[in-house]
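What follows is one structure encoded as structure tokens, with my remarks underneath.
Numbering (the working numbering), first residue to last: 1 to 782.
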């Protein structure tokens, strides 16, 4: 029966493939190619030196084929070819891409540019040849460039020339970073990078007017074979720069002027435009011009400003100040400008003028969404409120009210099921204070990048027929950055109290799964956690980026130590499933959890071109319960599946290991101590703000405790790699500017819970509805 079903599905896929092929064939790729012209079908580039980046070299070519998605489909050319020949402004022409034609002159120009690129990299004897193949019948052409790189020129010696002794002294104080060693490649790209580093060196030492024009190279390759004598001139004024005295002297910071503009000030407003300010505050060498609607204390600007009066001008400190002001989340735009203090001829002082336009002080929003969890339908809604500058110190206060109800079905044991409603509501609040409070005030290194003290508090109420549960949490921590890419989060107090009441004892005692049963017990989490985040992604760019996050958490050790030292009484309890007796301490008449936990996530994005990029993700985590609790708290356990995990499985329905719940129709609730997961997603632009995606996910969760009574759940070194689940699928992403709407359809490829020999689905059985999972989410999965 399964074989017949599988053949029927294959037959259906064949018809889909046939129809797709007919559609593609109906739109000839050469439909808009003029007579006597050729469609540029493919452009190849071969370089005989692996040290030269082929992708970078290919980017300089003028002759390029039409863009592809999925590596072989010229989707935008297909759209263009579907347009009308009679209309020049057909909308398909606007969103599509006209055919790229072979142009002999353009090909020759590309070869010249490729030769120039090789010269820029130091390969001055590179030989570039081009070869074109025409298909007269199909009116297509293939173009191939071949590069024989030859030997790369090297730097034999560098002679340094400084315009002033002061410039020479600054350079040699940190010369290890800026000197070029003999034997390094004579690479113009690297020399330009070095030029920028040298300019930054002097701009960080007071030279406000110093620019790229003051760093010049002169190369001589005539004296030695394939070796270059390089002269580096630093500080040499250009002919167009008359006032060299201003150029070659360091500047010191003088006065600071802060202007808090009216809230409706346009971003493009002239910085010299005059406004009526309601208040003026003076301190040290600073003046604050404020408006009547928004006021900030001087202390805020003292903390955010990384510059001080009397210090040398430093471009890095200017950038740090700009970033710190943006991290306040108070301003629509931040503008920092410098002007020479008058009279210009008699001073080397700079006045700093910082112009700020605040965001709206208060805002509210709400959303409502339908939910579908394992076929159970429901509705959920959220109301958000935000207040900026709550206590007039740039504090950000946020409140989220949430509510949800869901219609669930459960088995009653006689083959029938009953329906019931669940209800959930809660409140989450947070307060961000842009300064250190508590023990962080003694750690001076925190202060450089505007650290924040963050308070979080929340309460959640969950009502089901079997039980009522409340979760109360409170958190205090710090959020700070040590550079543009590195962020630190340290919650020195992270407390959760979970209480269960009004429950059905028969329901609790009937649970044979110890891990699920542990989630229906009162417990206290008294933890401390730390996260280190590296992220070089920028919102203005979709280019290659790396994201890494390390989390470390510990809970219960302080409470356990206090209990031991105070010789507190132990509580003894017998488990209804194993009949084992355990002993533990209580605090406030509730058992506290004791564990350590750590996980690491790594993401990497590779942009192929403006229409295609690939994102990969690796995740590994482990939690170890001990001492006062045999299991991790339910909220701290790892789970698999769902819209942001292995998308072919519903959330919490996969694992651990090869374990399968006895009741396959039960509400998915699987979680455990260890998680390993890998994902890769290929994203490609389709139409406008619509993106497509293909993905492959793999991973699972496992139990750490050998006493776990779920069959196949325990992690074993010699078995875990054979217990990975694998899923694939496709989806769409809708870029709505402020957020991304995402839909994915996941399909199981390998199910570790299936019997041996049947875990790979393809080739073993036919697909059924439960092998596909549809998910709807906001934002990219990673």
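All C-beta atoms, glycine included, are put in the ideal place defined by N, C-alpha and C.
Quick caveat, the model's predicted, so the values are computed rather than measured.
Is the number of C-beta pairs between the region 720–730 and the region 689–698 that are closer than 8 Å three or more?
Contact between the region 720–730 and the region 689–698 is present, with at least three C-beta pairs closer than 8 Å.
Which residue marks the beginning of the alpha helix (DSSP H) containing residue 558, and which one marks its end?
Looking at the DSSP string, the run of the alpha helix (DSSP H) that includes residue 558 is 557–565.
Cutting at 6 Å between CB atoms, please list the residues of its own chain near residue 125, excluding the five before and the five after it.
Sequence-distant partners of residue 125 (beyond 5 residues in either direction) whose C-beta falls short of 6 Å from its own C-beta, in its chain, are 150.
By alpha-carbon positions, which one of 527, 466, 523 and 467 ends up nearest to residue 495?
Nearest option by C-alpha distance: 527.
Three-state secondary structure assigned by DSSP to residue 54:
Residue 54 falls in the helix class under three-state DSSP.
Whole-angstrom distance between residue 679 and residue 725, CA atom to CA atom
Near 12 Å, if we compare the C-alpha coordinates of residue 679 and residue 725.
Residue 495 - DSSP class collapsed to helix/strand/coil
Residue state for residue 495 is assigned as strand, using DSSP reduced to three classes.
Is residue 528 helix, strand or coil by DSSP?
Correct three-state label for residue 528: strand.
Just list the residues that DSSP pairs residue 169 with in beta bridges.
Beta-bridge partners assigned by DSSP to residue 169: none are found.
Between the beta-carbon of residue 702 and the beta-carbon of residue 752, is there less than 7 Å?
Residue 752 sits away from residue 702, with the two beta carbons spaced by 7 Å or more.
Reducing DSSP to helix, strand and coil, say where residue 11 ends up.
Legend: pLDDT at residue 11 = 43, less than 50; position of this residue unreliable, no value from coordinates given.
Limits of the unbroken beta strand (DSSP E) element including residue 480
Looking at the DSSP string, the run of the beta strand (DSSP E) that includes residue 480 is 468–481.
Buried or exposed: residue 84, going by 16 or more other Cβ atoms within 10 Å of its Cβ?
Residue 84 comes out exposed.
Cβ-Cβ separation, residue 206 to residue 257 (assumed contact under 8 Å), whole Å
Actually they are not in contact, since the Cβ atoms of residue 257 and residue 206 sit about 20 Å apart, beyond 8 Å.
Is it the case that the Cβ atoms of residue 485 and residue 536 are separated by a distance below 7 Å?
In this structure, residue 536 lies closer than 7 Å to residue 485 by Cβ.
Grouping DSSP H, G and I as helix and E and B as strand, with all else coil, what is residue 198?
The answer is helix: DSSP assigns residue 198 an H, G or I state.
Short check: CB of residue 475 to CB of residue 456, under 7 Å?
Their beta carbons are under 7 Å apart, which means residue 475 touches residue 456 by this criterion.
Residue 745 to residue 389 span [Cα, whole Å]
Whole-angstrom Cα-Cα distance: 43 Å.
Can you tell me whether residue 337 is helix, strand or coil according to DSSP?
Strand at residue 337.
Where in the region 68–148 do unbroken runs of the beta strand (DSSP E), each at least 3 residues long, occur, reported from the N-terminal end onward?
As far as the region 68–148 is concerned, its whole beta strand (DSSP E) runs of at least 3 residues are 127–135 and 140–148.
Burial state of residue 364, where buried means 16 or more other Cβ atoms lie within 10 Å
Around the CB of residue 364, fewer than 16 other CB atoms lie within 10 Å, so the residue is classed as exposed.
Please state if the CB of residue 98 and the CB of residue 63 are separated by a distance shorter than 7 Å.
The Cβ atoms of residue 63 and residue 98 do not sit closer than 7 Å to each other.
Could you have a look at residue 175 and say whether DSSP puts it in helix, strand or coil?
Here residue 175 sits in helix by DSSP.
Give every residue of the same chain whose Cβ lies closer than 7 Å to the Cβ of residue 47, excluding the five residues on either side of it in the sequence, and list them in chain order.
A distance below 7 Å between beta-carbons, with the five flanking residues on each side excluded, links residue 47 to the following residues of its chain, in chain order: 54, 57, 147 and 149.
Considering just the uninterrupted stretch of the alpha helix (DSSP H) at residue 464, what are its terminal residues?
Taken as a continuous stretch (DSSP letters only), residue 464 belongs to no alpha helix (DSSP H), as it is neither H nor E.
On the criterion of 16 or more Cβ atoms from any shown chain inside 10 Å, does residue 395 qualify as buried, or is it exposed?
Burial call: buried.
Contact check, residue 488 vs residue 590 under 8 Å by CB: the rounded distance?
Not really, about 31 Å apart at Cβ, beyond 8 Å.
Residue 771 (DSSP reduced to helix, strand or coil)
DSSP places residue 771 within a helical segment (H, G or I) once states are collapsed to three.
Mapping DSSP to helix, strand and coil, what is residue 602?
Strand, per DSSP.
So, does the region 621–637 touch the region 597–608, judging by three or more C-beta pairs under 8 Å?
Proximity of the region 621–637 to the region 597–608 meets the contact definition, three or more beta-carbon pairs being nearer than 8 Å.
Comparing alpha-carbon positions, which option in 132, 233 and 155 lies nearest residue 123?
For the residues 132, 233 and 155, the minimum Cα distance to residue 123 belongs to 155.
Cβ-based burial, residue 559 [other Cβ within 10 Å; buried from 16]
The residue is buried, with at least 16 neighbouring Cβ atoms inside 10 Å.
Own chain, CB closer than 6 Å to residue 314, minus 5 neighbours either side, in chain order:
Cβ-Cβ distances below 6 Å link residue 314 to 204 in the same chain, with the five nearest sequence neighbours on each side left out; the list follows chain order.
Cβ pair count under 8 Å reaching 3, the region 64–81 against the region 169–187:
Flag = no, the region 64–81 and the region 169–187 do not touch.
Residue 216 - partner residues in DSSP beta bridges:
DSSP lists 233 as partners of residue 216.
Go through its chain and collect everything with a Cβ distance to residue 740's Cβ below 8 Å, but skip five positions before and after it.
Only residues of its own chain outside the window of five on either side were considered, and among them 733, 734, 778, 779 and 780 have a CB closer than 8 Å to the CB of residue 740, listed in chain order.
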